[in-house]
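*Asks:* If you read the protein sequences in the order shown, they are chains G and V.
Heads up: the first sequence begins at 1 in my numbering, then just goes up one per residue.
Heads up: the second sequence begins at 263 in my numbering, then just goes up one per residue.
Just so it is clear, CB atoms sit at the ideal spot from N, CA and C, and this is done for glycine as well.
The model shown is predicted, which means the values in this text are computed figures rather than measured ones.
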Amino acid sequence: MSVAVLAPLAMSLWRSLTDPSLGLTHYTDLFTDGITLTIVSRTLMTSLIVTVGTVVLGYPYAYLMTRVSTTTRILMLTAVLVPFWTSMTARNFAWLILVQRDGPVDKMFSAVGIDGVVLHGTVAGVAVAMIQVMLPFMVLPLYSHMAGIDRKLLLAAQALGSTPIRAFRKIFLPLSVGGVVSGSILVFALSFGFYVTPAILGSPQQSLVAQLLGQRTLQLLDFAAAGALGIVVLLFTLALVTVANRMGGSVSALGASVAKGK
Amino acid sequence: MKKSRTLTAVAGLASATLLLAACGTGTGSGSDGGDADGATTMTYASYGGTFEAGQVSAWQEPYTAENPGITFANTSPSDTAMIKAQVESGSVQWDLADVNPFFAADYCGELVEPLELPNVDTSQFDEALIGECYFGAYQFALIVSYNTDKWPDPATAPKTVADFFDTEKFPGQRGVVNDVTNGMLEYALMADGVTPEELYPLDVDRALAKWDTIRDETTFAANNGAMLQLATGNQVDMMMLVSARTKASLDEGAPFRPIWDQTMVTFHTLVVPKGAPNKEQAMDFIEFVLQPEQSAAFAEAAGVSPTNKEAVIELDETATQVNAFDEKVNTGGVVTTDAEWWGENVTDVADRFNTWLNG
Numbered sequence: 001m002s003v004a005v006l007a008p009l010a011m012s013l014w015r016s017l018t019d020p021s022l023g024l025t026h027y028t029d030l031f032t033d034g035i036t037l038t039i040v041s042r043t044l045m046t047s048l049i050v051t052v053g054t055v056v057l058g059y060p061y062a063y064l065m066t067r068v069s070t071t072t073r074i075l076m077l078t079a080v081l082v083p084f085w086t087s088m089t090a091r092n093f094a095w096l097i098l099v100q101r102d103g104p105v106d107k108m109f110s111a112v113g114i115d116g117v118v119l120h121g122t123v124a125g126v127a128v129a130m131i132q133v134m135l136p137f138m139v140l141p142l143y144s145h146m147a148g149i150d151r152k153l154l155l156a157a158q159a160l161g162s163t164p165i166r167a168f169r170k171i172f173l174p175l176s177v178g179g180v181v182s183g184s185i186l187v188f189a190l191s192f193g194f195y196v197t198p199a200i201l202g203s204p205q206q207s208l209v210a211q212l213l214g215q216r217t218l219q220l221l222d223f224a225a226a227g228a229l230g231i232v233v234l235l236f237t238l239a240l241v242t243v244a245n246r247m248g249g250s251v252s253a254l255g256a257s258v259a260k261g262k
Numbered sequence: 263m264k265k266s267r268t269l270t271a272v273a274g275l276a277s278a279t280l281l282l283a284a285c286g287t288g289t290g291s292g293s294d295g296g297d298a299d300g301a302t303t304m305t306y307a308s309y310g311g312t313f314e315a316g317q318v319s320a321w322q323e324p325y326t327a328e329n330p331g332i333t334f335a336n337t338s339p340s341d342t343a344m345i346k347a348q349v350e351s352g353s354v355q356w357d358l359a360d361v362n363p364f365f366a367a368d369y370c371g372e373l374v375e376p377l378e379l380p381n382v383d384t385s386q387f388d389e390a391l392i393g394e395c396y397f398g399a400y401q402f403a404l405i406v407s408y409n410t411d412k413w414p415d416p417a418t419a420p421k422t423v424a425d426f427f428d429t430e431k432f433p434g435q436r437g438v439v440n441d442v443t444n445g446m447l448e449y450a451l452m453a454d455g456v457t458p459e460e461l462y463p464l465d466v467d468r469a470l471a472k473w474d475t476i477r478d479e480t481t482f483a484a485n486n487g488a489m490l491q492l493a494t495g496n497q498v499d500m501m502m503l504v505s506a507r508t509k510a511s512l513d514e515g516a517p518f519r520p521i522w523d524q525t526m527v528t529f530h531t532l533v534v535p536k537g538a539p540n541k542e543q544a545m546d547f548i549e550f551v552l553q554p555e556q557s558a559a560f561a562e563a564a565g566v567s568p569t570n571k572e573a574v575i576e577l578d579e580t581a582t583q584v585n586a587f588d589e590k591v592n593t594g595g596v597v598t599t600d601a602e603w604w605g606e607n608v609t610d611v612a613d614r615f616n617t618w619l620n621g
């Protein structure tokens, strides 16, 4: 497994430093070619919006899952997982139909007097669809984490005179931070290298990192420059994970989520 | 332990993108080359779907009928990155690939074999279609068309390429495929007053400056399929789309009518990757498909145009409507892409175009 991952990685790294001649040209080009930085910062911004969006939607949802009966919980879990199991391409095309010109979203806004809301081909459209696609990656670690929080602590706080809201804010919220961090790393890291949604819903004018990589590899046949960009993306993601791990999150929480449901 | 597993998991996720760079894409099916009893399987790379099926029925099956023992293994897509990866790694699996001539001209002798086609009658072909490493196997036009819902009266509808770039006279959404080599730069220059004879070498800055004037009203589709979807979904008012897909949009009832001013034509070639296992047989196959019958059969099957002037094809109504080579239909002219110029400049121009597009 590690050979399968590391060998091509090492080859990419080697090539990015030696082709056509030894040096860091491909890396310095990333900062000076006037396009990579624009696209990387656009991708960072999109990933950030998607991460925040999934937290805002996923947190209350996961919290609710810890408070309902087993049957309802299974229903809620299924509601999260069914889209997760549906073909990625099919889901993205469904979004395409929703957000294109004269699509339901456009018509809905037109009905209330706002014309020309065509999200297709914009970063906004990509972000909205990616939030939906990424939601399971946020809800599952969040739920897994929240399910492990001892609710007796909240009862104790209330017995000592705290209001339920205050008890939630002072006890539950800090204890759930680990889940938020885990979910955020996952969603952010996946969003940063995401290809399908930007390719279908975005536009070449608003391309993200994965499209740039695809273009350098498939169209320009510049494997060395693509390798350099890939290495930078990888290092960036690893740095992010390391920092997040220090903050107490962990990606492996994801695997435990379903098994741990009470 | 937990931490290192986490790191491994994320490294796996992130390196998926790197694998793309390291290996190119897709997997070619293996070729078993020559066999003791003379049976040979040639690995053939095309573009899948009905297009590839057309090459199978029009080219491969008749070839196998004439040359028993020679069969084909088909793979797709025919990514040039794959050819580069195969040649560089020294394990070439593809014997034949259907690619654009710019790649063939750019990497002639380096990634693709110079063509040896002594039995082809070159007088049957336009000389723009012939180079050292390419020989046009089929050609197609980039049709400029307008939406007849938007402009129902032909008298006041857009009539020239310049009208495509004139959003004051003809306001509305434009659509074009994000492929700088397909003729979009040439159209911009002709709209700006450059004559077809003076097009090459292309003034890329001038072409991009022309596109700048309508960039806010233009949807750049990721590929031909996406552009077709924009057309059938009535998302654009004017578009540039290859002839076969323009025909497909008409077949699905999309309200478009071609503008017959100057029409850009480009072509594809079969190439033999450098060091292909069955090089001689592959060259023989290329000679076979350039004959009038094969040229016509594939053109009819795939909605492209034959390169052999002797080929006679029969087209249905919508295919006729977009046939730039039919002088009764196309009242304007035809300009064939300069494969040599594009071969020399494609990487640089693609880079500049992409920077412009994302700028």
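1. Determine the contact status of Ala390 of chain V and Trp356 of chain V, defining contact as a CB-CB distance below 8 Å.
2. Thinking Phe615 of chain V and Val442 of chain V are a contact (beta carbons under 8 Å), I'd like their distance in whole angstroms, please.
3. For Met279 of chain G, which residues does DSSP report across the bridge?
4. Using three-state DSSP, classify Thr163 of chain G as helix, strand or coil.
5. Please report the straight-line C-alpha distance between Thr337 of chain V and Tyr309 of chain V, rounded to a whole angstrom.
6. Strictly by DSSP, which residues pair up with Ala320 of chain V?
7. How do the segment 188–201 of chain G and the segment 31–48 of chain G stand: do at least 3 beta-carbon pairs fall below 8 Å, yes or no?
8. Compute the Euclidean distance between the alpha carbons of Ala225 of chain G and Arg216 of chain G, then round it to the nearest angstrom.
9. Just mark Gly371 of chain V as buried or exposed, buried being the case when its beta carbon has 16 or more other beta carbons within 10 Å.
10. Can you name the residues that DSSP bridges to Val423 of chain V?
11. Can you tell me whether Asn381 of chain V is buried or exposed? The criterion is at least 16 other CB atoms within 10 Å of its CB, across all chains shown.
12. For the beta strand (DSSP E) containing Tyr396 of chain V, list its first residue and its last residue.
13. Would you decide whether Trp85 of chain G is buried or exposed? Buried here means 16 or more other CB atoms lie within 10 Å of its CB.
14. Please list, in chain order, all residues of the same chain as Phe313 of chain V whose beta carbon is under 7 Å from its beta carbon, the five residues on each side excluded.
15. Give the range of the alpha helix (DSSP H) segment to which Asp360 of chain V is assigned.
16. With a threshold of 8 Å between beta carbons, is Asn607 of chain V in contact with chain G?
17. Interface residues of chain G around Asn440 of chain V at Cβ under 7 Å?
18. Give every residue of the same chain whose Cβ lies closer than 6 Å to the Cβ of Asp294 of chain V, excluding the five residues on either side of it in the sequence, and list them in chain order.
19. Would you check if the distance between the CB atom of Asp360 of chain V and the CB atom of Ser340 of chain V is smaller than 8 Å?
20. On the premise that Gly398 of chain V lies in contact with Thr531 of chain V, defined as a C-beta separation below 8 Å, what is that separation, rounded to the nearest angstrom?
21. Could you give the distance in angstroms between the alpha-carbon of Ala612 of chain V and the alpha-carbon of Ala488 of chain V?
22. Go to Asn486 of chain V, then tell me how far its alpha helix (DSSP H) extends in each direction, as first and last residue.
23. For Pro458 of chain V, which three-state DSSP category applies?
24. With distances taken between CB atoms, is the gap from Thr525 of chain V to Ala403 of chain V smaller than 8 Å?
25. Would you say Asn616 of chain V faces chain G, with C-beta separation under 8 Å as the test?
26. Just to confirm before moving on: does the CB-CB distance between Val527 of chain V and Val597 of chain V stay below 8 Å?
27. How is the alpha helix (DSSP H) around Gln543 of chain V delimited, first residue to last?
28. Using a Cβ-Cβ distance under 8 Å, would Arg91 of chain G count as near chain V?
29. So which residues of chain G does Gln497 of chain V contact, with C-beta pairs closer than 9 Å?
30. List the residues of chain G that Asp613 of chain V touches, going by C-beta distances under 7 Å, in chain order.
31. From the DSSP secondary-structure annotation, give me the bridge partner or partners of Val574 of chain V.
32. What does Asn486 of chain V reach in chain G if we use C-beta pairs closer than 9 Å?
33. Closer than 7 Å, Cβ to Cβ, to anything on chain G: give me those residues from the segment 330–357 of chain V, in chain order.
34. Taking C-beta to C-beta, are Ile476 of chain V and Arg436 of chain V nearer than 8 Å?
35. Measuring alpha carbon to alpha carbon, tell me which residue in V:Phe334, V:Ala347, V:Asp388 and V:Val423 is nearest Thr599 of chain V.
36. Which of the three DSSP states, helix, strand or coil, is assigned to Ser252 of chain G?
*Replies:* Concretely, from the data shown:
1. no
2. 4 Å
3. Past the edges of chain G, shown from 1 to 262, lies residue 279 of chain G, and the structure says nothing about it.
4. coil
5. Between the alpha carbons of Thr337 of chain V and Tyr309 of chain V lies a distance of about 8 Å.
6. According to DSSP, which records beta bridges pairwise, Ala320 of chain V is partnered with nothing at all.
7. yes
8. 7 Å
9. exposed
10. According to DSSP, which records beta bridges pairwise, Val423 of chain V is partnered with nothing at all.
11. exposed
12. Per DSSP, Tyr396 of chain V belongs to no beta strand (DSSP E) and is neither H nor E.
13. Burial is judged here by how many other beta carbons sit within 10 angstroms of a residue's own beta carbon; Trp85 of chain G has fewer than 16 and is exposed.
14. Ala564
15. Careful: Asp360 of chain V lies outside any alpha helix (DSSP H), inside the beta strand (DSSP E) at Leu358 to Val361.
16. no
17. Pro204
18. Confidence at Asp294 of chain V is low in this model, with a pLDDT of 44, below 50, so the placement of that residue is unreliable and no value is reported for it.
19. yes
20. 6 Å
21. In this structure, the straight-line span from the alpha carbon of Ala612 of chain V to that of Ala488 of chain V is close to 20 Å.
22. It spans Asn486 to Thr494 - the alpha helix (DSSP H) in which Asn486 of chain V sits, taken as one unbroken run.
23. helix
24. yes
25. yes
26. yes
27. Lys541 to Val551
28. no
29. Going along chain G in sequence order, the residues near Gln497 of chain V (Cβ under 9 Å) are Gln100, Arg101, Asp102, Val118 and His120.
30. Leu220
31. Answer by DSSP bridge pairing: none, since Val574 of chain V is not bridged.
32. Correct list: empty, because the minimum Cβ distance to chain G is about 13 Å.
33. Asp341, Thr342, Ala343 and Lys346
34. Yes.
35. V:Asp388
36. The pLDDT assigned to Ser252 of chain G is 49, lower than 50, so where the model puts this residue is not dependable, and the model offers no usable value.
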